[in-house]
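Heads up: the protein sequence lines correspond to chains C and Z, in order. When you read off a place in the first sequence, starting at 1, and then add 146, the result is the number in the numbering used here. When you read off a place in the second sequence, starting at 1, and then add 3, the result is the number in the numbering used here. We put the beta carbon where it would ideally sit given N, CA and C, even for glycine. Please read these numbers as outputs of a predicted model, since none were measured by experiment. Structure first, commentary second.
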Amino acid sequence: MNPDLHRERENATIEPEIITNILDGGAEKTRRRREIESLVLNDPDFQHEDLNFLSRGERYEVALKKSIQMYSKLRDYGISDPEEIYFYKSVTRKNNHDPFGVHYAMFIPMVSSQCLPEQRDKWLPLASSLKVVGTYAQTELAHGTHIRGLETTATYDPSTQEFVLNSPTITSIKWWPGGLGKTANHAIVLAQLYTQGKCYGLHAFIVPIRCMKTHQPLPGVVVGDIGPKFGFDEVDNGYLKLDNIRIPRENMLMKYSKVQPDGTYLKPPSDKLTYGTMVFIRSIIVGESAIALAKSCTIAIRYSAVRHQSELRAGEPEPQILDYQAQQHKLFPLLATAYAFTFVGQYMKNTYNRITGDINQGDFSQLPELHALAAGLKAFTTWTVNAGIEVCRMACGGHGYSRSSGLPDIYVTFTATCTYEGENTVMMLQTARYLVKS
Amino acid sequence: YRQVRDGKQLTGIVSYLNESHQHLQPQPTGSRPAGSRPTVISINDLQSLVEAYKLRAANLVETAAKSLQTELQHSKSQEDAWNNSSLELIRASDAHCHYVVVKLFAAKLSEIGNTAVYSVLSTLALLYALHGVASNSGDFLQAGLLTVPQLAQITQRIKALMAEIRPNAVALVDAFDYRDEMLNSTLGRYDGNVYENMFEWAKSSPLNRTEVHESYYKHMKPLQSRL
Chain C
147 MNPDLHRERE NATIEPEIIT NILDGGAEKT RRRREIESLV LNDPDFQHED LNFLSRGERY
207 EVALKKSIQM YSKLRDYGIS DPEEIYFYKS VTRKNNHDPF GVHYAMFIPM VSSQCLPEQR
267 DKWLPLASSL KVVGTYAQTE LAHGTHIRGL ETTATYDPST QEFVLNSPTI TSIKWWPGGL
327 GKTANHAIVL AQLYTQGKCY GLHAFIVPIR CMKTHQPLPG VVVGDIGPKF GFDEVDNGYL
387 KLDNIRIPRE NMLMKYSKVQ PDGTYLKPPS DKLTYGTMVF IRSIIVGESA IALAKSCTIA
447 IRYSAVRHQS ELRAGEPEPQ ILDYQAQQHK LFPLLATAYA FTFVGQYMKN TYNRITGDIN
507 QGDFSQLPEL HALAAGLKAF TTWTVNAGIE VCRMACGGHG YSRSSGLPDI YVTFTATCTY
567 EGENTVMMLQ TARYLVKS
Chain Z
4 YRQVRDGKQL TGIVSYLNES HQHLQPQPTG SRPAGSRPTV ISINDLQSLV EAYKLRAANL
64 VETAAKSLQT ELQHSKSQED AWNNSSLELI RASDAHCHYV VVKLFAAKLS EIGNTAVYSV
124 LSTLALLYAL HGVASNSGDF LQAGLLTVPQ LAQITQRIKA LMAEIRPNAV ALVDAFDYRD
184 EMLNSTLGRY DGNVYENMFE WAKSSPLNRT EVHESYYKHM KPLQSRL
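This is the structure:
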């Protein structure tokens, strides 16, 4: 043990374990989290070379292999508690993401919640056995948060009882979905529904995109990887262009809105239903903000206790950099912020679970406030943490610039949260709308 | 804001707009001049800071709403008025969220039983709140919640709080309980053996698989033999 760190721990006036229990929500939660971590970290199947030393193709391959093992081991261990699944995945992934992420986080939940029973009976077994590997294609090359602007069309043909899915322009090409480039063989595509000559807005359709035997793209489907990004090297974020692809009427997700064989459209009971999913995902992101900042602070503060630089009084040994007030002023407010955001993350998760109960009883009254709060907090925390990680990196001097510090990986993976799942400025304006209306 | 202005009572996290709406109304003449609202910040009192964040948020919400009204009075459309007030609207949302975070942090403290932990986390909460005030002092000054001399006091108070935190800094990050494999960082290793491991890590870089990289034979050697 480095003597400086040893002395820091000797001199502390608090017992970290007590705080760990508070952060986990109880001693039993801490014990169980550590048990799951050990399950993964002691598993040879998850050992691999440092991803920083691999090419992009090799990183994708390692991630694919790990994903497949991760999801099958989750099933083998019978881990079913959503929080424990989340722990298991985050330990397996470390600071990275996986090509199957969208299949499990979006495709399967959408099939479960937006399909008729007979549709579910057909697709869920295929999806859970990974014969169908899905993704969720919403964002287009020139259309992001403002989903009403999406251009992809789904036109109903009553003569064949099929939908014709089409990407009418270059700007309508689906762009970004994780797993779309090389992994998925189906996609839930969000498209403008046209039937009987009228547009009924956005609806979701299950579209086969690769042959389930050969994995070759199907005729009329142009699909591929969008190329290297700032981070997410392990994920094949992809593009998808559809040239008048025909799918059966039954491939439209019809639990709420429906199209009858003759083309008649039936409206959904309430359009608030998609709010719930957005609130859930943005609540998760608030928690992710706390984690990214807590990790960054751990690295920067421990290293600031180990690192000795220049001198405070001439002739004396170089002090620990953590003794410099300027260094403290970089890191301690961020440390406080990491705690603050951890507690906000807990609050959002608890509130969401409570309100979900209300929603299931048909009480939507608190959803607008929670939706406004989730949008605002997603933006507020991700912007703050995005800047905070960079401060932590610079607080480590030149070594912070090396990939070995872990900070570049944390940064390039986390910074995407400022633009995905709703661009932050738009999120802030959504909250403002609620505030002014209130 | 509009519902409160129209006399409706709000519930939930925006309910602060109910009372702060009165608080921010111009006082009738003859009573305190509007500019001299009472300063509510007490540097050592977290609850007073929560109150100040609340009033700052309410003030910025009102500023945004008034901007919208002014734009509309210039017979702008709703959409144009909204777009031309974006800066105020985003500031209002930011302030609202900041208030929520400070409020939840303060509320969390009341659940903590261990006195040593309570004391350290209270110090962190105070630092978070004061640092936020210092970083957004313009808002607090404009809302009359802060005086210029208080700004200097806040800076001094932040320094004192940092010195208080210093002995427990490492313990506070240890408490996040990230295993080395989760951090994946030579700088942040639990045992602090940074430099030895940085060296090991560097030596295993693919570029070092051979003592002489193949590109030397392809490019450098031919170049040097020509010179």
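Listed by chain order, chain Z residues near residue i by CB distance under 7 Å
i, result
"residue 157(C)", "170"
"residue 510(C)", "Going along chain Z, no residue has its Cβ under 7 Å from residue 510(C), so there is no contact; the nearest lies around 13 Å."
"residue 486(C)", "104, 108, 131"
"residue 551(C)", "188, 189, 190"
Any C-beta of chain C under 8 Å from that of residue i
i, result
"residue 221(Z)", "no"
"residue 176(Z)", "yes"
"residue 10(Z)", "no"
"residue 101(Z)", "yes"
"residue 191(Z)", "yes"
"residue 157(Z)", "no"
"residue 209(Z)", "yes"
"residue 19(Z)", "no"
"residue 90(Z)", "no"
"residue 215(Z)", "no"
"residue 124(Z)", "yes"
"residue 35(Z)", "For residue 35(Z), the predicted model reports a pLDDT of 44, less than 50, meaning its position is unreliable; a value from the coordinates is still stated below. Not one chain C Cβ lies under 8 Å of residue 35(Z)."
"residue 75(Z)", "no"
"residue 231(Z)", "The displayed coordinates of chain Z run from 4 to 230. Any statement about residue 231(Z) would go beyond what the structure contains."
"residue 96(Z)", "yes"
"residue 28(Z)", "Below a pLDDT of 50, predicted positions are generally treated as unreliable, and residue 28(Z), at 49, falls in that range; no measurement from the model is reported."
Per-residue contacts from residue i into chain C (C-beta, under 9 Å)
i, result
"residue 184(Z)", "183, 186, 187, 237, 240"
"residue 147(Z)", "In chain order: nothing, as chain C lies at least about 21 Å away."
"residue 83(Z)", "The premise fails here: residue 83(Z) is roughly 14 Å from chain C at the closest Cβ pair, so nothing lies under 9 Å."
"residue 80(Z)", "Going along chain C, no residue has its Cβ under 9 Å from residue 80(Z), so there is no contact; the nearest lies around 16 Å."
Under 9 Å by beta carbon: chain Z residues contacting residue i
i, result
"residue 194(C)", "Result: empty, since nearest Cβ-Cβ is about 12 Å, beyond 9 Å."
"residue 555(C)", "187, 188"
"residue 471(C)", "162, 165, 166"
"residue 506(C)", "By Cβ distance, chain Z contributes nothing, its closest Cβ being about 20 Å from residue 506(C), past 9 Å."
"residue 564(C)", "Residues of chain Z passing the Cβ test: none, with the nearest at roughly 14 Å."
"residue 493(C)", "103, 107, 110, 111"
CB contact check: residue i to chain Z, cutoff 8 Å
i, result
"residue 335(C)", "no"
"residue 316(C)", "no"
"residue 226(C)", "no"
"residue 199(C)", "yes"
"residue 522(C)", "yes"
"residue 502(C)", "no"
"residue 561(C)", "no"
"residue 545(C)", "yes"
Proximal chain C residues relative to residue i, where beta-carbon distance stays under 7 Å
i, result
"residue 119(Z)", "159, 160"
"residue 111(Z)", "489"
"residue 4(Z)", "581, 582, 584"
"residue 181(Z)", "441, 444"
"residue 196(Z)", "148"
"residue 154(Z)", "Ordered by position in chain C, no residue passes the 7 Å Cβ test against residue 154(Z), which lies about 16 Å from the chain."
Chain-ordered neighbours of residue i on chain C, where CB pairs are closer than 8 Å
i, result
"residue 15(Z)", "512, 515"
"residue 173(Z)", "151, 154, 155, 158, 447, 448, 451"
Listed by chain order, chain Z residues near residue i by CB distance under 8 Å
i, result
"residue 449(C)", "190, 191, 197"
"residue 528(C)", "By Cβ distance, chain Z contributes nothing, its closest Cβ being about 11 Å from residue 528(C), past 8 Å."
"residue 243(C)", "Simply none; closest approach about 14 Å."
"residue 427(C)", "Residues of chain Z passing the Cβ test: none, with the nearest at roughly 17 Å."
Within 8 Å, do at least three Cβ pairs link the stretch 177 to 196 of chain Z to the stretch 169 to 188 of chain C? yes
What residues in the stretch 40 to 71 of chain Z bring their beta carbon closer than 8 Å to a beta carbon of chain C? 64, 67, 68, 71
At 3 residues or longer, what runs of the beta strand (DSSP E) sit wholly inside the stretch 354 to 421 of chain C? 367 to 371, 384 to 388, 391 to 394
Does the stretch 330 to 341 of chain C come within contact of the stretch 277 to 291 of chain C, defined as at least 3 CB pairs closer than 8 Å? yes
Taking any Cβ of chain Z, which residues in the stretch 201 to 222 of chain C have a Cβ under 7 Å from it, in chain order? none
Contiguous alpha helix (DSSP H) assignments of at least 4 residues, all confined to the stretch 460 to 507 of chain C: 471 to 506
Entirely within the stretch 151 to 199 of chain C and at least 4 residues each: give me those alpha helix (DSSP H) ranges in chain order. 162 to 170, 173 to 187
Please confirm if the stretch 473 to 491 of chain C is in contact with the stretch 537 to 554 of chain C, defined as three or more CB-CB distances below 8 Å between the two stretches. yes
How do the stretch 141 to 157 of chain Z and the stretch 454 to 465 of chain C stand: do at least 3 beta-carbon pairs fall below 8 Å, yes or no? no
Taking a Cβ distance cut-off of 8 Å, strictly less, list which residues of the stretch 131 to 145 of chain Z are near chain C, in chain order. 131, 134
Contact set between the stretch 273 to 301 of chain C and chain Z, restricted to residues whose Cβ is under 7 Å from the partner: none
Relative to chain Z, which residues along the stretch 455 to 483 of chain C have a C-beta separation below 9 Å, given in chain order? 468, 469, 471, 474, 475, 477, 478, 479, 481, 482, 483
In chain order, which continuous runs of the alpha helix (DSSP H) of length 4 or greater are located wholly inside the stretch 75 to 105 of chain Z? 81 to 86
Taking a Cβ distance cut-off of 7 Å, strictly less, list which residues of the stretch 363 to 386 of chain C are near chain Z, in chain order. none
Pair every Cβ in the stretch 309 to 316 of chain C with every Cβ in the stretch 261 to 270 of chain C, then say whether three or more of these pairs are closer than 8 Å. no
Does the stretch 98 to 117 of chain Z touch the stretch 520 to 533 of chain C, meaning 3 or more C-beta pairs lie closer than 8 Å? yes
I'd like the ranges of any beta strand (DSSP E) spanning at least 3 consecutive residues and lying wholly in the stretch 255 to 325 of chain C. 280 to 283, 299 to 303, 308 to 312
Members of the stretch 569 to 580 of chain C near chain Z, C-beta cut-off 9 Å: 571, 573, 574, 575, 576, 577, 578, 579, 580
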